[in-house]
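**Student:** Shown below is the structure under consideration.
Below, the structure written as structure tokens:
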């Protein structure tokens with residue numbers, strides 16, 4: 001005898017409120033993965049010798065995101081491909097508990113702990129860092145419990161009447177609280193650092209402030225909307241349109257902050273002067289400086305070279321690297337370039 005839950009209309013509501021959010025979430029998920037891939041490529045190309053913790057977080061987050069998108073694609077094919085028109089497949093949770101719950105929670109915790117570490121290096125205060133880590137571990141614990149409960153429920157139409165619904169409510173709520181704490185803390189400590197640093201540093205800190213507020217508010221807004229829809233529209237899957245993209249938002253904002261260290265000199269937010277030094281019509285030099293202390297001297301010829309040279313910076317451990325621009329494509333160059341003192345640069349590029 002078949003299970004009654006398999007034969008009824010899923011969650012007793014309009015199909016567009018079930019299938020619509022699922023397909024939109026999947027499309028947005030793939031789009032954000034494309035953005036993330038470009039950011040990861042740019043990061044590894046520009047910072048091959050960045051701090052090992054940064055590189056580890058970026059690598060782990062990217063592979064978790066790959067696992068998440070493959071699991072989500074499998075579920076999408078199950079519903080819209082092999083199981084098309086089958087209410088049983090549409091009402092089944094499938095492996096939602098893997099990509100929509102567990103992997104999302106893992107990426108969230110990874111990024112939140114990364115932010116906690118960044119806040120500590122900025123403020124040197126254990127109290128705020130511990131609060132963020134505790135909240136992040138709380139949401140991860142609830143996330144794991146939710147991942148265990150959802151497959152036991154089995155059907156989407158049964159989730160709102162199960163323990164999984166309450167656990168999901170606590171999980172999303174703790175995530176919102178942690179995101180708010182991170183955003184407010186980053187804003188406060190960056191604002192404080194802006195006031196206490198010399199003028200050349202204020203441009204970089206101002207840029208970080210704007211980026212932190214923008215990315216933090218986007219993530220928090222997504223989590224709040226997700227929470228509201230989860231509570232008020234519990235008989236639909238509208239909340240999944242936001243939940244499915246949460247991990248990609250975390251990963252992309254993390255990479256955006258790491259990659260925000262680039263600054264084009266002579267631009268609106270430049271704190272140093274551009275000094276062209278080319279002598280021919282086909283050759284010219286443009287200086288690009290990284291907010292973390294790296295200066296790039298870009299000499300444009302038929303095959304351009306971009307040289308990353310080290311100088312005294314905020315972290316004091318920036319790498320020395322080199323890339324080429326051939327036919328519009330960035331390519332790494334080995335061996336590393338000559339020491340900075342032998343490079344052609346403007347005096348202002350190395351001012352502290």
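Numbering (full-length UniProt numbering), first residue to last: 1 to 352.
Glycine included, every Cβ here is placed at the ideal spot set by N, Cα and C.
Taking only the alpha-carbon atoms, compute the straight-line gap between residue 195 and residue 178 and give it to the nearest angstrom.
**Tutor:** The residue you call residue 195 lines up with position 195 of the chain shown. The residue you call residue 178 lines up with position 178 of the chain shown. Cα-Cα distance, rounded: 26 Å.
**Student:** Taking the alpha-carbon of residue 16 as reference, which of 235, 248, 249, 252 has the nearest alpha-carbon?
**Tutor:** Here residue 16 corresponds to residue number 16 of the chain shown, with the count starting at 1. Closest option to residue 16, Cα to Cα, is 235.
**Student:** Compute the distance between the beta-carbons of residue 104 and residue 139, then report whether it is under 8 Å.
**Tutor:** Locating residue 104 in the chain shown gives position 104, where the first residue counts as 1. Locating residue 139 in the chain shown gives position 139, where the first residue counts as 1. No, these two residues do not count as a Cβ contact at 8 Å.
**Student:** If you drop the 5 nearest sequence neighbours on each side, which residues of the same chain put their C-beta closer than 6 Å to that of residue 163?
**Tutor:** Residue numbering aside, residue 163 sits at position 163 when the chain shown is read from its first letter. Answer for residue 163: 149, listed in chain order.
**Student:** For residue 146 versus residue 101, is the C-beta spacing smaller than 8 Å?
**Tutor:** Mapped onto the chain shown, residue 146 falls at position 146. Mapped onto the chain shown, residue 101 falls at position 101. In this structure, residue 101 lies closer than 8 Å to residue 146 by Cβ.
**Student:** For the region 249-262 against the region 35-44, are there 3 or more C-beta pairs whose distance is under 8 Å?
**Tutor:** As far as the Cβ criterion goes, the region 249-262 touches the region 35-44, which means the pair count is three or higher.
**Student:** Return the CA-CA distance between residue 133 and residue 89, expressed in angstroms with no decimal places.
**Tutor:** Within the chain shown, numbered from 1, the residue matching residue 133 stands at position 133. Within the chain shown, numbered from 1, the residue matching residue 89 stands at position 89. Each residue's Cα considered, the two are about 38 Å apart.
**Student:** Just the Cα atoms here: how many angstroms apart are residue 190 and residue 54?
**Tutor:** Position 190 of the chain shown holds residue 190. Position 54 of the chain shown holds residue 54. Going from the Cα of residue 190 to the Cα of residue 54 covers about 19 Å.
**Student:** What residue from 42, 260, 78, 243 has the CA that sits closest to residue 205's CA?
**Tutor:** On the chain shown, residue 205 is found 205 positions in, with the first residue counted as 1. Out of 42, 260, 78, 243, 260 has the C-alpha closest to the C-alpha of residue 205.
**Student:** Measure the alpha-carbon distance for residue 293 versus residue 20 and round it to whole angstroms.
**Tutor:** As a first step, residue 293 must be located in the chain shown, where it is residue number 293. As a first step, residue 20 must be located in the chain shown, where it is residue number 20. Because residue 293 carries a pLDDT of 38, less than 50, the predicted location of this residue cannot be relied on, and no value is offered for it.
**Student:** Could you check the C-alpha separation between residue 121 and residue 221 for me, to the nearest Å?
**Tutor:** Within the chain shown, numbered from 1, the residue matching residue 121 stands at position 121. Within the chain shown, numbered from 1, the residue matching residue 221 stands at position 221. Whole-angstrom Cα-Cα distance: 26 Å.
**Student:** Among residues of its own chain, excluding the 5 on either side of residue 6, which ones have a beta-carbon nearer than 6 Å to its beta-carbon?
**Tutor:** Taking the first residue of the chain shown as position 1, residue 6 is located at position 6. Bear in mind that the predicted position of residue 6 carries a pLDDT of just 47, short of 50, making it too unreliable to give a figure here.
**Student:** Could you compute how far the alpha carbon of residue 96 sits from the alpha carbon of residue 193?
**Tutor:** Within the chain shown, numbered from 1, the residue matching residue 96 stands at position 96. Within the chain shown, numbered from 1, the residue matching residue 193 stands at position 193. Approximately 43 Å between the Cα atoms of the pair.
**Student:** Which whole runs of the alpha helix (DSSP H) in the region 156-193 are 4 residues long or more, in chain order?
**Tutor:** Runs found: none.
**Student:** Would you mind listing the alpha helix (DSSP H) stretches within the region 20-84 that are 4+ residues and don't spill past its ends, in chain order?
**Tutor:** Complete alpha helix (DSSP H) runs here, min 4: 52-77.
**Student:** Leaving out five residues on either side along the sequence, give the residues of the same chain with a beta carbon under 7 Å from the beta carbon of residue 335.
**Tutor:** Position 335 of the chain shown, counting from 1, holds the residue named residue 335. Confidence in residue 335 is poor, its pLDDT being 45 and thus under 50, which makes the residue's placement too unreliable to answer from.
**Student:** Suppose contacts are defined by Cβ-Cβ distances below 8 Å. Is residue 144 in contact with residue 129 by that definition?
**Tutor:** The residue given as residue 144 occupies position 144 in the chain shown. The residue given as residue 129 occupies position 129 in the chain shown. No, the pair does not count as a contact, with Cβ atoms beyond the cut-off.
**Student:** Of all the options 210, 52, 45, 231, which has the alpha carbon lying nearest to the alpha carbon of residue 173?
**Tutor:** As a working note, residue 173 is residue 173 in the chain shown. Among 210, 52, 45, 231, the Cα nearest to that of residue 173 is on 231.
**Student:** Between which residues of its own chain and residue 256 is the CB-CB distance below 8 Å, once the five residues before and five after are set aside?
**Tutor:** Residue numbering aside, residue 256 sits at position 256 when the chain shown is read from its first letter. Same-chain partners within the cutoff: 39, 211, 215.
**Student:** What's the C-alpha gap between residue 137 and residue 80?
**Tutor:** Position 137 of the chain shown, counted from the first residue, corresponds to residue 137. Position 80 of the chain shown, counted from the first residue, corresponds to residue 80. Going from the Cα of residue 137 to the Cα of residue 80 covers about 35 Å.
**Student:** Using three-state DSSP, classify residue 92 as helix, strand or coil.
**Tutor:** Here residue 92 refers to the residue found at position 92 when the chain shown is read from its first residue. Strand.
**Student:** Quick one: using the 10 Å Cβ neighbour count with 16 as the cut-off for buried, is residue 181 buried or exposed?
**Tutor:** Here residue 181 corresponds to residue number 181 of the chain shown, with the count starting at 1. With 16 or more Cβ atoms within 10 Å of its Cβ, residue 181 is classed as buried.
**Student:** What are the uninterrupted segments assigned as alpha helix (DSSP H) that are 4 or more residues long and contained completely in the region 214-260, given in chain order?
**Tutor:** Entirely contained in the region 214-260, the alpha helix (DSSP H) runs reaching 4 residues are, in chain order, 240-259.
**Student:** For residue 98, which residues from the same chain have a beta carbon less than 6 Å from its beta carbon, with the 5 sequence-adjacent residues on both sides left out?
**Tutor:** Residue 98 sits at position 98 when you count from the first residue of the chain shown. If we look at residue 98 and ignore the five residues flanking it on each side, its Cβ neighbours are 71.
**Student:** Taking the straight line between their C-alpha atoms, what separation do you get for residue 43 and residue 65?
**Tutor:** Walking along the chain shown from the start, residue 43 turns up at place 43. Walking along the chain shown from the start, residue 65 turns up at place 65. Cα to Cα, residue 43 sits roughly 16 Å from residue 65.
**Student:** What's the gap between the Cα of residue 114 and the Cα of residue 85?
**Tutor:** Translated into positions along the chain shown, residue 114 becomes position 114. Translated into positions along the chain shown, residue 85 becomes position 85. Going by the C-alpha atoms only, they are around 43 Å apart.
**Student:** Determine the closest residue to residue 176 out of 60, 246, 24, 61, with distance taken between C-alpha atoms.
**Tutor:** Mapped onto the chain shown, residue 176 falls at position 176. Ranking the options by Cα distance to residue 176, first place goes to 246.
**Student:** With residue 14 as the anchor, note down where its alpha helix (DSSP H) starts and where it stops.
**Tutor:** Along the chain shown, one-based indexing puts residue 14 at 14. Where residue 14 is concerned, there is no enclosing alpha helix (DSSP H), given that its DSSP letter is neither H nor E.
**Student:** Rounded to whole angstroms, how far is the Cβ of residue 29 from the Cβ of residue 241, which I believe are closer than 8 Å?
**Tutor:** Numbered from its first residue, the chain shown carries residue 29 at position 29. Numbered from its first residue, the chain shown carries residue 241 at position 241. That belief does not hold up - the Cβ atoms of residue 29 and residue 241 are roughly 10 Å apart, past 8 Å.
**Student:** Leaving out five residues before and five after residue 108 in sequence, what residues of the same chain have Cβ atoms less than 8 Å from its Cβ?
**Tutor:** Numbered from its first residue, the chain shown carries residue 108 at position 108. Correct list, in chain order: 136, 139, 140, 143, 175, 246, 247, 250.
**Student:** Can we count residue 218 as close to the ligand ATP, meaning its CB is less than 7 Å from some heavy atom?
**Tutor:** As for the ligand ATP, it is missing from this structure, which has no ligand bound.
**Student:** Note the first and the last residue of the continuous alpha helix (DSSP H) segment covering residue 143.
**Tutor:** For this step, residue 143 is matched to residue 143 along the chain shown. That run of the alpha helix (DSSP H) goes 126-153.
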